[in-house]
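Chains W and Z, in that order, are what the protein sequence lines are.
Per our numbering, residue 366 is the first one in the first sequence, and the count goes up by one each step.
Per our numbering, residue 366 is the first one in the second sequence, and the count goes up by one each step.
Built from N, CA and C at the ideal position, the CB exists for glycine as well.
Below is one structure; the comments refer to it alone.
2 protein chains.
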Amino acid sequence: MVHERRNPPTRRPGVERIAAALEVVGARGWVSAADLAAELGVDRSTGWRLARSLEGIGWLQHDRVSRRYRLGLRLFELGTRALDGFDIRAEARRVMAELVSATGESADLAVRDGDAAVFVDTIDGTNEVRAFTRSGQRAGLHAIAAGKVFLAHMPQVEVDAYLRGPLDAYAPATITDPATLRDVIALTRRRGWGDNRGELNPEAGGLAVPILDAGGACVAALGLNVPLMRMGDENVTRLIGELLAATRRLTVN
Amino acid sequence: MVHERRNPPTRRPGVERIAAALEVVGARGWVSAADLAAELGVDRSTGWRLARSLEGIGWLQHDRVSRRYRLGLRLFELGTRALDGFDIRAEARRVMAELVSATGESADLAVRDGDAAVFVDTIDGTNEVRAFTRSGQRAGLHAIAAGKVFLAHMPQVEVDAYLRGPLDAYAPATITDPATLRDVIALTRRRGWGDNRGELNPEAGGLAVPILDAGGACVAALGLNVPLMRMGDENVTRLIGELLAATRRLTVN
DNA sequence: GGGCACGTTGCAGTCGTTGCAACGGCGTTG
DNA sequence: CAACGCCGTTGCAACGACTGCAACGTGCCC
Chain W
366 MVHERRNPPT RRPGVERIAA ALEVVGARGW VSAADLAAEL GVDRSTGWRL ARSLEGIGWL
426 QHDRVSRRYR LGLRLFELGT RALDGFDIRA EARRVMAELV SATGESADLA VRDGDAAVFV
486 DTIDGTNEVR AFTRSGQRAG LHAIAAGKVF LAHMPQVEVD AYLRGPLDAY APATITDPAT
546 LRDVIALTRR RGWGDNRGEL NPEAGGLAVP ILDAGGACVA ALGLNVPLMR MGDENVTRLI
606 GELLAATRRL TVN
Chain Z
366 MVHERRNPPT RRPGVERIAA ALEVVGARGW VSAADLAAEL GVDRSTGWRL ARSLEGIGWL
426 QHDRVSRRYR LGLRLFELGT RALDGFDIRA EARRVMAELV SATGESADLA VRDGDAAVFV
486 DTIDGTNEVR AFTRSGQRAG LHAIAAGKVF LAHMPQVEVD AYLRGPLDAY APATITDPAT
546 LRDVIALTRR RGWGDNRGEL NPEAGGLAVP ILDAGGACVA ALGLNVPLMR MGDENVTRLI
606 GELLAATRRL TVN
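Here is the structure:
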């Protein structure tokens with residue numbers, strides 16, 4: 366979990382508890398009311414009542430035989446609505462499909478959400494060995510190719526603030542040194558694309574290029590998720606070429 | 366909104382208010398704190414504090430210049446997690462892509478969530494005029510092709526309970542008469558596929574076939590979203606053939 | 001059969017949340 | 001230019017929802 370660096374919001378234990386509960390259920394898959402209570406550090410009765418309430422609005426689903434809860438589909442509905450504002454997706458999906466057939470690698474589309482990058486869409490590659498990214502996945506900006514692209518397009522003050530905060534180490538190769546990261550960001554800005562070599566997942570890497578709107582703002586990043594074994598220089602050059610060609614086919618506003 | 370027919374959950378105004386707030390923001394796109402409060406029927410201060418709290422956990426996003434809120438991407442993340450349990454998607458997507466190239470129509474995958482069917486994945490068609498379904502969209506079982514397939518595979522008692530409840534009329538053609546619907550369900554069960562002719566959207570129709578697991582339970586429905594103008598008998602026959610062929614290529618467990 | 005874990009419910013105290021009121025900023029109107 | 005209205009924001013006191021505790025019932029395992 367990436368630490369937040371926002372101005373202090375009004376504390377509301379109610380909503381935080383609900384969020385924590387859903388987080389727990391999301392992480393564990395199937396959870397009993399007692400497990401949920403234990404995980405939240407509250408009484409069994411409280412955990413049960415909370416789960417029951419969340420079931421009432423469809424945010425949790427209850428299985429009568431196993432007496433366990435999991436996330437409900439109304440959350441899925443709500444989640445997809447969250448993308449309505451952003452939708453570069455319709456346009457991007459077509460380009461992503463072309464990318465996949467040209468490269469065989471998995472293509473993804475990411476947007477920035479505060480201090481994290483979120484993959485809002487992915488298309489699986491066709492190669493036998495391929496990296497996999499789940500749509501909805503989230504990671505710190507410093508750990509993935511798309512995130513470095515976002516950092517390269519952020520105002521200096523925001524970048525400084527980001528570098529000051531905790532830089533989570535997702536893998537041994539994750540860059541957690543601010544000075545090193547600053548150089549990487551500069552490099553990313555200069556050459557126009559970002560990369561990631563085992564910094565989120567030890568076996569996978571990624572490449573990403575910015576999607577700019579008419580005003581030159583970076584609204585999203587288009588990327589490829591590539592097994593490390595295929596991240597040699599000559600192949601990276603080829604893939605970056607494909608990515609850049611793909612963004613040129615994108616008309617954003 | 367479809368009415369719920371569950372056993373009475375414990376009332377928890379807290380979670381219901383939060384859900385209502387997110388529903389409002391989801392429906393209106395960009396909402397000011399004052400608007401949100403008005404919509405919820407609470408004081409401005411309450412609306413503002415609620416919005417601020419939700420922003421704190423990333424469920425709402427705040428735009429400083431317009432001072433408005435919209436749904437945050439953490440909801441998207443949570444929503445995609447809700448699908449993890451269900452995932453026929455990985456398998457189905459391949460088959461759906463084949464369906465699209467064979468028919469040119471938009472393909473969709475739906476699962477049942479209580480009294481509603483939810484589209485968990487869609488692939489746009491390639492025809493010039495095509496129907497569009499948003500992933501995450503939800504509708505009453507009686508109003509869409511996939512829903513009728515689910516009804517055809519549900520125990521009689523559950524079907525009776527469903528028919529007793531309110532049957533929302535989404536469009537003039539929506540079937541809201543229980544007796545008629547019962548006949549339609551019987552027909553769907555007999556012939557093995559469901560259809561929808563302008564019952565959700567006046568200009569669109571749909572076709573759907575069940576995806577059965579090893580035990581014969583209907584775990585999902587595979588469908589095509591077809592403009593009404595192309596729902597003539599000969600074309601429907603062809604499309605149903607494609608759908609049935611596609612499900613045979615699906616290995617579920 | 002006994003023990004254990006869990007679901008479930010009633011009850012009273014706590015504490016979070018609410019509405020009210022007020023202040024300040026900002027754009028609009030007369 | 002002043003008055004007005006709208007909205008964001010904060011303090012405060014009262015209300016009420018939520019919590020933990022305790023108890024009961026059930027199903028499962030030793």
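DSSP-derived helix/strand/coil call for residue i
i: L345 of chain Z; result: There is simply no residue 345 of chain Z to check, as chain Z begins at 366 and stops at 618 in what is shown.
i: V380 of chain Z; result: helix
i: G614 of chain Z; result: In the sequence as displayed, the identity of residue 614 of chain Z is Arg instead of Gly. Note: R614 of chain Z maps to coil in three-state DSSP.
i: A536 of chain W; result: coil
i: G597 of chain W; result: coil
i: A385 of chain W; result: helix
Beta carbon proximity, residue i to chain Z, threshold 8 Å
i: S500 of chain W; result: yes
i: V380 of chain W; result: yes
i: L464 of chain W; result: no
i: S418 of chain W; result: yes
i: D408 of chain W; result: no
i: V485 of chain W; result: yes
i: I422 of chain W; result: yes
Cutoff 8 Å: residue i Cβ touching any chain W Cβ
i: I453 of chain Z; result: no
i: G505 of chain Z; result: no
i: S471 of chain Z; result: no
i: I509 of chain Z; result: no
i: D320 of chain Z; result: Residue coverage of chain Z in this structure runs from 366 to 618, which leaves residue 320 of chain Z outside it and unanswerable.
i: I605 of chain Z; result: no
i: V367 of chain Z; result: A caution first: V367 of chain Z carries a pLDDT of 34, below 50, which makes its placement in the model unreliable, though a value can still be read off. V367 of chain Z does not count as touching chain W.
Per DSSP, the bridge partner or partners of residue i
i: G588 of chain W; result: W:D473, W:A573
i: A504 of chain Z; result: Z:A482
i: L425 of chain Z; result: Z:L436
i: S397 of chain W; result: W:R433
Check: Residues in the region 574 to 588 of chain Z with C-beta within 7 Å of chain W's C-beta atoms, listed in sequence order?
Finding: Taking 7 Å as the Cβ-Cβ cut-off against chain W, none of the residues of the region 574 to 588 of chain Z qualify.
Next item on the list: Would you list, in sequence order, the uninterrupted beta strand (DSSP E) runs of no fewer than 3 residues that lie entirely inside the region 427 to 498 of chain W?
Entry: If only uninterrupted beta strand (DSSP E) runs of at least 3 residues are considered, those enclosed by the region 427 to 498 of chain W are 433 to 436, 471 to 478, 481 to 488.
Next item on the list: Entirely within the region 538 to 563 of chain Z and at least 3 residues each: give me those beta strand (DSSP E) ranges in chain order.
Entry: Look at the region 538 to 563 of chain Z and you find these whole runs of beta strand (DSSP E), each 3 residues long or longer: 559 to 562.
Next item on the list: Using a Cβ-Cβ cut-off of less than 7 Å, list which residues of the region 546 to 570 of chain Z approach chain W; keep chain order.
Entry: If the cut-off is 7 Å between Cβ atoms, the region 546 to 570 of chain Z has nothing near chain W.
Check: Taking a cut of 7 Å between CB atoms, which residues from the region 378 to 402 of chain Z lie near chain W?
Finding: Along the region 378 to 402 of chain Z, going in chain order, the ones with a CB nearer than 7 Å to a CB of chain W are G379, V380, E381, I383, A384, L387, G391, G394.
Next item on the list: Could you please tell me which residues of the region 430 to 457 of chain W, in chain order, have their CB closer than 9 Å to any CB of chain Z?
Entry: Answer in chain order: R435, L436, G437, L438, R439, L440, F441, E442, L443, G444, T445, R446, A447, L448, D449, G450, F451, A455.
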